[in-house]
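Let me begin by presenting the structure, written as structure tokens, before commenting on it.
What follows is the structure in structure tokens.
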């Protein structure tokens, strides 16, 4: 929709002519976007200059009014002239005009007229100034209601929420996250702490499974996700410490390997909501955590092998690693529970070489010590055993088992029994618990232990 203001005065013999509308320079034919001129009196000035440098000017005034009763006819004319890209645009304007024409009070008329103005500006190719005010006008609600919808306030009807969200989507409205944060005193960001110097963590595909679960929940809550390192920087402070002290995030997830006394005191001192990924190993019992039930996993895997007829079941746990890593110690405890319950003698080895010697030695009394099943607590340990496949009878005589499946298992000559461990669910549960704590919900459990099952 466009209106044209044309100056038709003659300036014979002039060298140049200048046109001004309300003091603003315009071209000879000025295309004026609807509603760009306010209602009331306006002045058009024409100044001509001849070849000798003499100037003369003429001023004309005109009135701008809004003929609400005939606006629909103007849209019809625009349709006939092909001024609309689609019929839907014209239909939308006609609906707003009909609503405007039915206004019963001056206030109601002004509100609907402002909404029509915004729509026309957008349809004319102008960018709508993104603000609560414009969205509120278009949705027919107050600015506080728009703010509640954007901030996820639950004390609002679903009908109103959908109406506001539809308007925001229609006009490509994107809330200003900085202004939103200032109003709510939130960053709408969740952090994950790790140590970037630990290259082994990056090589572990299960690290990314946990992250995948965390990110899904974070993004579903319309938050950003920030990864930070606990490694000290040049100034002696880690990124993690700076983020917590400066409150760059609303909450943080930290692996149990990095939850030391210093980090615990840092989080509690600054009242930063946090959840531990992995069972809490600190003496402080109030550190919330989410982990796989590794004791249960070790127990059911051992019982599965017993159900298969195995009795001489050995577990490859690794001495120092089992003491250092809580999850390995728990798997070992689950193994001991099952063996004890079935009155079987546990056999724990710390190095693969011990097992290899049993098979390399001549058949003698050592043959009785050979296991009929072997549980490897990690995939790295399993791969050590699989590396013996060429020229060694181990895999032909032994039932192998481990924790969690891996993509290459289907290509192995001999089957590997395993426990399914849902690390993605672990990430999801950790993130969901964090949001519950960030929102200060009641009844949040102090920890979540995720059960496992035998894989198929």
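Numbering (this note's numbering), first residue to last: 2 to 457. Glycine is no exception: its CB is placed at the ideal position from the N, C-alpha and C atoms.
Exercise for the section: State the DSSP-derived secondary structure class of residue 98, mapped to helix, strand or coil. Expected result: Residue state, collapsed to three classes: helix.
Practice task
Could you please give the first and the last residue of the uninterrupted alpha helix (DSSP H) stretch that includes residue 300?
Solution key: From DSSP, the alpha helix (DSSP H) with residue 300 extends over 295-308.
Practice task
For residue 451, name the three-state secondary structure that DSSP assigns.
Solution key: Strand, per DSSP.
Exercise for the section: With a cut-off of 8 Å on the beta carbons, I'd call residue 332 and residue 404 a contact; round off their distance for me. Expected result: So it is a contact: roughly 7 Å between Cβ atoms.
Practice task
Give me the Cα-Cα distance between residue 142 and residue 115, rounded to the nearest whole angstrom.
Solution key: So the two alpha carbons sit approximately 13 Å from each other.
Exercise for the section: Alpha carbon to alpha carbon, how far is residue 261 from residue 380? Give it in angstroms, no decimals. Expected result: Each residue's Cα considered, the two are about 27 Å apart.
Exercise for the section: Report yes if the CB atom of residue 211 is closer than 8 Å to the CB atom of residue 427, and no otherwise. Expected result: A contact, by the Cβ cut-off of 8 Å.
Exercise for the section: Would you decide whether residue 328 is buried or exposed? Buried here means 16 or more other CB atoms lie within 10 Å of its CB. Expected result: Under the 10 Å beta carbon count, residue 328 is surrounded by 16 or more other beta carbons and is classified as buried.
Problem - Among 315, 278, 41 and 349, the one whose alpha carbon lies nearest that of residue 68 - result: Residue 68 has its Cα closest to that of 41, out of 315, 278, 41 and 349.
Practice task
Reducing DSSP to helix, strand and coil, say where residue 355 ends up.
Solution key: Correct three-state label for residue 355: helix.
Practice task
Below 8 Å CB to CB, which residues in the same chain sit around residue 406 once its five sequence neighbours on both sides are set aside?
Solution key: A distance below 8 Å between beta-carbons, with the five flanking residues on each side excluded, links residue 406 to the following residues of its chain, in chain order: 419, 421 and 456.
Problem - Sheet register partners of residue 229 (DSSP bridge) - result: DSSP lists 194 as partners of residue 229.
Exercise for the section: Please name the residue or residues paired with residue 315 in a DSSP beta bridge. Expected result: Looking at the DSSP output, residue 315 sits in a beta bridge with 348 and 375.
Practice task
State buried or exposed for residue 239, treating a residue as buried only when at least 16 other CB atoms are found within 10 Å of its CB.
Solution key: Answer is buried; the Cβ neighbour count reaches 16.
Practice task
Keeping to the same chain, check which residues put their C-beta closer than 6 Å to that of residue 162; ignore five residues upstream and five downstream.
Solution key: In chain order, 150 place their CB closer than 6 Å to the CB of residue 162, counting only its own chain and leaving out the 5 sequence neighbours on each side.
Exercise for the section: State the Cα-Cα distance for the pair residue 273 and residue 402, rounded to the nearest angstrom. Expected result: About 41 Å.
Exercise for the section: Assign residue 265 to buried or exposed, taking buried as 16 or more other Cβ atoms, counted over all protein chains shown, within 10 Å of its Cβ. Expected result: Buried is the call here.
Practice task
Mind the definition here: the region 287-305 touches the region 435-452 only if three or more C-beta pairs lie below 8 Å; say whether that holds.
Solution key: Enough Cβ pairs lie closer than 8 Å, so yes.
Problem - Start-to-end residues for the alpha helix (DSSP H) that takes in residue 168 - result: 159-171 is the span of the alpha helix (DSSP H), which, as asked, contains residue 168.
Exercise for the section: Quick one: give me the first and last residue of the beta strand (DSSP E) that residue 41 is part of. Expected result: Unbroken beta strand (DSSP E) run through residue 41: 41-51.
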